[in-house]
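S.K.:
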Amino acid sequence: MEKQQSFNMNVPFIEGYDVFFVKLVLSIFIFCALLSIMNFLRDKFIHKTANPRKEEFTTLLIVLNKLFYIAGFGFVIANIISVLFSEIRRNSNFPNLRVGGEWDYLVFGIILIFIGIALKSSRKVIKKESSLSNNIDETPSPTIKK
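If you want my numbering, it's the position in the sequence shown, counting the first as 1, plus 3.
Here you go:
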């Protein structure tokens, strides 16, 4: 006789994704560091340019900003859904939300969102500083005539 299967709600919903996210961010950092080292060595020994390019760091900040925003909101929404499903499973009535230890991923998501905000503001500061330094370099210095 064949056993009937049902939807199992006891399976962990978002367990282990924080470790995956940390590994993803570390791999992006390692990739960008290797890319920066290769570009530095190329510019230093092969092409011998005097001005290093700074677009790599702003691109890294853009990628990390979007990654932290999306992951932060994902962790927040997934934790809320997970808590609601666990409460519905316990009580057949309207879910009674407890403030227990089930909000760990929510806190992690909020921290990621704030890190994304910090990355966005740092990108704006770097862009502002680079535009100021470009303006200073392009303005001709006054010559003194005797």
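We treat Cβ as the ideally placed atom computed from N, Cα and C, and that holds for glycine. Predicted, not measured: the structure shown is a model, and the values here were computed from it.
For residue 82 versus residue 106, is the C-beta spacing smaller than 8 Å?
M.R.: In contact: residue 82 and residue 106 (Cβ atoms closer than 8 Å).
S.K.: Could you say which of 88, 119, 50 lies nearest to residue 28 if we only look at CA atoms?
M.R.: Of the candidates 88, 119, 50, the one whose C-alpha sits nearest the C-alpha of residue 28 is 119.
S.K.: Using a 10 Å radius around the Cβ and a threshold of 16 neighbouring Cβ atoms, would you call residue 86 buried or exposed?
M.R.: Flag for residue 86 reads buried.
S.K.: Between which two residues does the alpha helix (DSSP H) harbouring residue 46 extend?
M.R.: Note, residue 46: premise wrong, no alpha helix (DSSP H); not H, not E.
S.K.: Can you give me the C-alpha to C-alpha distance between residue 123 and residue 65, rounded to a whole angstrom?
M.R.: Those two C-alpha atoms are separated by around 7 Å.
S.K.: Mind checking whether residue 115 and residue 88 have CB atoms under 8 Å apart?
M.R.: In this structure, residue 88 does not lie closer than 8 Å to residue 115 by Cβ.
S.K.: Measure the C-alpha to C-alpha separation of residue 111 and residue 125 and round it to an integer number of angstroms.
M.R.: Between residue 111 and residue 125, the C-alpha separation is close to 21 Å.
S.K.: On the three-state DSSP scale, how would you describe residue 64?
M.R.: Three-state DSSP puts residue 64 in a helix.
S.K.: Tell me whether the beta-carbon of residue 129 lies closer than 8 Å to the beta-carbon of residue 60.
M.R.: A contact, by the Cβ cut-off of 8 Å.
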